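What follows is one structure encoded as structure tokens, with my remarks underneath.
2 protein chains.
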Amino acid sequence: MDRMATRRIERTQESRRLLVAAAAELFAEKGYRQTSFIDIAERAGISRGSIPWHFGNKLGLLEAVVDDRLQAVLTGLTPPAGERPADPLDQVMDFIRLPGTRLFITLLAEAVEVDSPIREHYARLHAALRQGVRARIPAGALPQGTTPEAFTILMVGAVIGVHAQWRVAPEAVDLEAVRAALRALLPPGPGRP
Amino acid sequence: MDRMATRRIERTQESRRLLVAAAAELFAEKGYRQTSFIDIAERAGISRGSIPWHFGNKLGLLEAVVDDRLQAVLTGLTPPAGERPADPLDQVMDFIRLPGTRLFITLLAEAVEVDSPIREHYARLHAALRQGVRARIPAGALPQGTTPEAFTILMVGAVIGVHAQWRVAPEAVDLEAVRAALRALLPPGPGRP
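Protein sequences, first through last, are from chains W and Y. The number in the working numbering is simply the position in the first sequence, starting from 1, with 1 added. The number in the working numbering is simply the position in the second sequence, starting from 1, with 1 added.
Given below as structure tokens:
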């Protein structure tokens with residue numbers, strides 16, 4: 002491939018990346034429905050006409066945004082090769098503070114609607130979070146009557162729901178006290194003394 | 002007051018009640034922004050012109066809907082006089098299945114937006130849920146390092162977040178197994194053997 006063709010592809014990928022990043026910011030700030038192609042193009046500094054070229058329509062852009070965040074979450078849950086896995090508790094609590102998490106809460110209302118195109122993406126995200134947590138629960142560490150599946154649903158649920166309460170009333174939710182409470186309730190596991 | 006005046010007031014209250022119920026259904030189904038006065042009037046079987054008369058504008062109607070559900074939740078958390086308080090665990094898990102809970106998740110995206118008129122209502126709802134749970138935690142029942150405040154944030158958070166996962170992928174969330182896991186993690190308290 003000649004140098005001009007390579008640069009053209011790089012520019013195309015960069016445009017796509019900028020549009021996804023701008024859309025993610027705007028969806029988090031204003032919600033999916035309230036955000037227009039004009040808003041996104043302005044924020045990205047890229048011509049509005051290129052959005053349909055990259056993504057087809059607005060739903061295609063939404064799917065690209067959710068996929069992009071899903072990849073970021075999956076990457077965050079996978080420790081670098083050779084490194085000890087992080088404490089799952091710290092991972093899920095830190096997840097609350099990620100800027101991208103705001104987007105997930107804002108788009109949740111879209112995802113739970115009947116026939117939502119991103120429902121499937123959310124199901125994959127939740128499944129990935131549960132898998133990431135579950136992989137770190139040592140065998141036999143849970144109280145009797147507790148399945149690893151149910152336990153991970155609770156942990157991921159607590160993260161989603163603590164985040165929701167924190168978003169609505171940050172002054173009422175002491176995240177460090179919540180982390181300590183979670184730690185006290187959970188069985189010891191890898192990465193935890 | 003004569004009988005005609007009494008009946009007029011009753012009809013007015015009944016209209017208001019029907020409009021709030023119709024709006025709650027439609028907000029849960031379609032979201033707040035997608036629902037029009039025409040939709041609500043049709044569902045309630047009441048003339049569209051009476052909505053501004055009752056609620057001022059659409060935000061007034063939204064506030065009335067959230068307030069109505071808040072009252073229902075508070076009533077649900079208060080046991081009838083003389084009755085033993087229900088197990089808080091069963092209460093929060095049962096809350097997940099209430100039809101009204103769907104509305105809360107759908108409207109959460111509205112509530113977390115900056116300057117949202119219903120943010121304050123959500124803060125009150127979460128505070129009421131936490132208070133209801135907290136009142137039933139016996140002194141000294143929590144593991145060391147756990148404050149009752151943080152514990153109730155976790156419990157209410159788990160309810161919100163388990164519900165979110167269940168809404169997105171009901172086949173992946175076994176609510177009875179989750180209830181058993183919560184029960185195994187929690188300290189014994191009133192109403193629990």
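Glycine is no exception: its CB is placed at the ideal position from the N, C-alpha and C atoms. Computed from a predicted model, the values in this text were never measured in an experiment.
Less than 7 Å between the beta carbons of glycine 162 of chain Y and glycine 141 of chain W, yes or no?
To locate residue 162 of chain Y, count along the second sequence from 1; it is residue 161. To locate residue 141 of chain W, count along the first sequence from 1; it is residue 140. No, these two residues do not count as a Cβ contact at 7 Å.
Go ahead and pull the three-state DSSP assignment for glycine 133 of chain W.
For the purposes of this step, residue 133 of chain W is identified with residue 132 of the first sequence, where counting begins at 1. Helix.
With distances taken between CB atoms, is the gap from valine 67 of chain W to alanine 24 of chain W smaller than 7 Å?
As a first step, residue 67 of chain W is located in the first sequence; it is residue number 66 there, counting from the start. As a first step, residue 24 of chain W is located in the first sequence; it is residue number 23 there, counting from the start. Not a contact, by the Cβ cut-off of 7 Å.
Less than 6 Å between C-beta atoms, sequence neighbours within five positions excluded: which residues of the same chain meet that for threonine 153 of chain Y?
Reading the second sequence from its first residue, position 152 is the one you call residue 153 of chain Y. Apart from the 5 residues on each side of it in sequence, threonine 153 of chain Y sits with its Cβ closer than 6 Å to the Cβ of Arg131, Val134 and Arg135 in its chain, given in chain order.
Can you list, in chain order, the residues of its chain whose CB lies under 8 Å from that of arginine 125 of chain Y, leaving out five sequence neighbours each side?
What you label residue 125 of chain Y is simply residue 124 of the second sequence in a count that begins at 1. Excluding sequence neighbours, arginine 125 of chain Y sits near Leu71.
Count the other C-beta atoms from every protein chain shown that fall within 10 angstroms of the C-beta of glycine 32 of chain W, then say buried if there are 16 or more, exposed otherwise.
In the first sequence, the residue the question calls residue 32 of chain W occupies position 31. Buried, by the Cβ-count rule.
Would you tell me roughly how many angstroms separate the C-alpha atoms of phenylalanine 38 of chain W and glutamate 43 of chain Y, rounded to the nearest one?
The residue you call residue 38 of chain W lines up with position 37 of the first sequence. The residue you call residue 43 of chain Y lines up with position 42 of the second sequence. Each residue's Cα considered, the two are about 33 Å apart.
For phenylalanine 152 of chain W, return the contacting residues in chain Y, with the cut-off set at a CB-CB distance below 7 Å.
Stepping through the first sequence from its first residue, residue 152 of chain W is reached at position 151. Within 7 Å Cβ-Cβ: Ala182.
Taking Cβ-Cβ distances below 7 Å as the criterion, which residues of the region 127-155 of chain Y are in contact with chain W?
Listed in sequence order: His127, Ala128, Pro144, Gln145, Gly146, Thr147, Thr148, Glu150, Ala151, Phe152, Ile154 and Leu155.
By a C-beta neighbour count over all protein chains shown, 10 Å radius and 16 as the cutoff for buried, is arginine 8 of chain Y buried or exposed?
Position 7 of the second sequence, counting from 1, holds the residue named residue 8 of chain Y. Counting the other CB atoms within 10 Å of its CB gives arginine 8 of chain Y a total below 16, which places it among the exposed residues.
Output needed for threonine 76 of chain Y: all residues of its chain with C-beta closer than 7 Å, excluding positions within five of it in sequence on either side, in chain order.
On the second sequence, position 75 is the one that residue 76 of chain Y refers to. Within the same chain, no residue comes within 7 Å of threonine 76 of chain Y by CB-CB distance, once the 5 residues on both sides are set aside.
Terminal residues of the continuous alpha helix (DSSP H) containing threonine 36 of chain W?
Translated into positions along the first sequence, residue 36 of chain W becomes position 35. No alpha helix (DSSP H) holds threonine 36 of chain W; DSSP gives it neither H nor E.
Express the C-alpha separation of isoleucine 119 of chain W and proline 139 of chain W in angstroms, rounding to a whole number.
Numbered from its first residue, the first sequence carries residue 139 of chain W at position 138. Numbered from its first residue, the first sequence carries residue 119 of chain W at position 118. Distance between the alpha carbons of proline 139 of chain W and isoleucine 119 of chain W is about 33 Å.
Please classify glutamine 166 of chain W: is it buried, with 16 or more other beta-carbons within 10 angstroms of its beta-carbon, or exposed?
Position 165 of the first sequence, counting from 1, holds the residue named residue 166 of chain W. Result: buried.
Would you mind telling me which residues of chain Y sit closer than 7 Å to arginine 168 of chain W, beta carbon to beta carbon, in chain order?
Residue mapping note: residue 168 of chain W aligns to position 167 of the first sequence, counting from 1. The contacting residues are Val113.
Work out the CA separation of glutamate 172 of chain W and isoleucine 52 of chain W for me, nearest whole Å.
Here residue 52 of chain W refers to the residue found at position 51 of the first sequence. Here residue 172 of chain W refers to the residue found at position 171 of the first sequence. Between isoleucine 52 of chain W and glutamate 172 of chain W, the C-alpha separation is close to 39 Å.
Strictly under 7 Å for the Cβ-Cβ distance: is leucine 71 of chain W near chain Y by that measure?
Here the question's residue 71 of chain W lines up with position 70 in the first sequence. So no, leucine 71 of chain W is outside the interface.
Which of helix, strand or coil does DSSP assign to glutamine 145 of chain Y?
Position 144 of the second sequence, counted from the first residue, corresponds to residue 145 of chain Y. Here glutamine 145 of chain Y sits in coil by DSSP.
If I measure Cβ to Cβ from leucine 27 of chain Y and keep anything under 8 Å in the same chain, skipping five residues before and after, which residues do I get?
Against the second sequence, residue 27 of chain Y aligns to sequence position 26. A distance below 8 Å between beta-carbons, with the five flanking residues on each side excluded, links leucine 27 of chain Y to the following residues of its chain, in chain order: Thr36, Asp40, Ile41 and Arg44.
Compare the beta carbon distance of alanine 182 of chain Y and leucine 186 of chain W with 7 Å and say whether it is the shorter of the two.
Numbered from its first residue, the second sequence carries residue 182 of chain Y at position 181. Numbered from its first residue, the first sequence carries residue 186 of chain W at position 185. For alanine 182 of chain Y and leucine 186 of chain W, no; Cβs fall outside 7 Å.
My understanding is that alanine 178 of chain Y touches threonine 13 of chain W, with C-beta atoms under 8 Å, so please give their C-beta distance in whole angstroms.
Numbered from its first residue, the second sequence carries residue 178 of chain Y at position 177. Numbered from its first residue, the first sequence carries residue 13 of chain W at position 12. Not quite, the Cβ-Cβ distance comes to about 47 Å (not below 8 Å), so this is no contact.
Have a look at W/Arg180, W/Ala151 and W/Glu111 and flag the residue whose alpha-carbon is nearest the alpha-carbon of valine 169 of chain Y.
Here residue 169 of chain Y refers to the residue found at position 168 of the second sequence. Checked all of W/Arg180, W/Ala151 and W/Glu111; the closest Cα to valine 169 of chain Y is W/Glu111.
Output, in chain order, the set of chain W residues within a Cβ distance shorter than 8 Å of alanine 24 of chain Y.
Position 23 of the second sequence holds residue 24 of chain Y. What alanine 24 of chain Y touches in chain W: nothing, since even the nearest Cβ is about 16 Å away.
Quick check on the burial criterion: 16 or more other C-beta atoms within 10 angstroms. Buried or exposed for proline 194 of chain Y?
As a first step, residue 194 of chain Y must be located in the second sequence, where it is residue number 193. Here the model assigns proline 194 of chain Y a pLDDT of 42, short of 50, so the residue's position is not dependable, and the following value carries that caveat. Of the other Cβ atoms in all chains shown, fewer than 16 fall within 10 Å of the Cβ of proline 194 of chain Y; this residue is therefore exposed.
My output table needs one value for alanine 140 of chain W: the three-state DSSP class, helix, strand or coil.
By 1-based counting over the first sequence, the position of residue 140 of chain W is 139. In this structure, alanine 140 of chain W counts as coil in the three-state DSSP scheme.
Closer than 7 Å between beta carbons: that is the criterion. Which residues of the region 23-54 of chain W meet it against chain Y?
Residues Gly32 and Arg34.
What separation, rounded to the nearest whole angstrom, lies between the Cα atoms of tryptophan 54 of chain W and aspartate 69 of chain W?
If you number the first sequence from 1, residue 54 of chain W lands on position 53. If you number the first sequence from 1, residue 69 of chain W lands on position 68. Taking the straight line from one Cα to the other gives about 18 Å.
For methionine 94 of chain Y, which residues from the same chain have a beta carbon less than 6 Å from its beta carbon, with the 5 sequence-adjacent residues on both sides left out?
Position 93 of the second sequence, counted from the start, is the residue given in the question as residue 94 of chain Y. Residues Arg180 of the same chain have their beta carbon placed closer than 6 Å to that of methionine 94 of chain Y, with the five preceding and five following residues left out of the count.
Short check: CB of alanine 29 of chain Y to CB of leucine 104 of chain Y, under 7 Å?
The count along the second sequence starts at 1 and reaches residue 29 of chain Y at position 28. The count along the second sequence starts at 1 and reaches residue 104 of chain Y at position 103. Against a cut-off of 7 Å, the Cβ pair of leucine 104 of chain Y and alanine 29 of chain Y comes out as a contact.
Spatial distance of valine 174 of chain Y from alanine 151 of chain W (CA atoms)
By one-based count along the second sequence, residue 174 of chain Y stands at place 173. By one-based count along the first sequence, residue 151 of chain W stands at place 150. Valine 174 of chain Y and alanine 151 of chain W have their C-alpha atoms some 8 Å from each other.
Within the continuous alpha helix (DSSP H) that includes proline 53 of chain Y, where are the two ends?
Translated into positions along the second sequence, residue 53 of chain Y becomes position 52. Counted as a single uninterrupted DSSP element, the alpha helix (DSSP H) harbouring proline 53 of chain Y occupies residues 51-56.
Just verifying my parser: in three-state terms, what is the DSSP assignment at isoleucine 154 of chain Y?
Residue 154 of chain Y sits at position 153 when you count from the first residue of the second sequence. Three-state DSSP puts isoleucine 154 of chain Y in a helix.
What residue range is occupied by the uninterrupted alpha helix (DSSP H) comprising alanine 1 of chain Y?
In this structure chain Y extends from 2 to 194, so residue 1 of chain Y is not present and cannot be described.
Output yes if chain Y places a C-beta closer than 7 Å to the C-beta of alanine 65 of chain W; else output no.
If you number the first sequence from 1, residue 65 of chain W lands on position 64. Alanine 65 of chain W does not count as touching chain Y.
Which of the three DSSP states is assigned to serine 117 of chain W in this structure?
As a position in the first sequence, residue 117 of chain W is number 116, starting the count at 1. Residue state for serine 117 of chain W is assigned as coil, using DSSP reduced to three classes.
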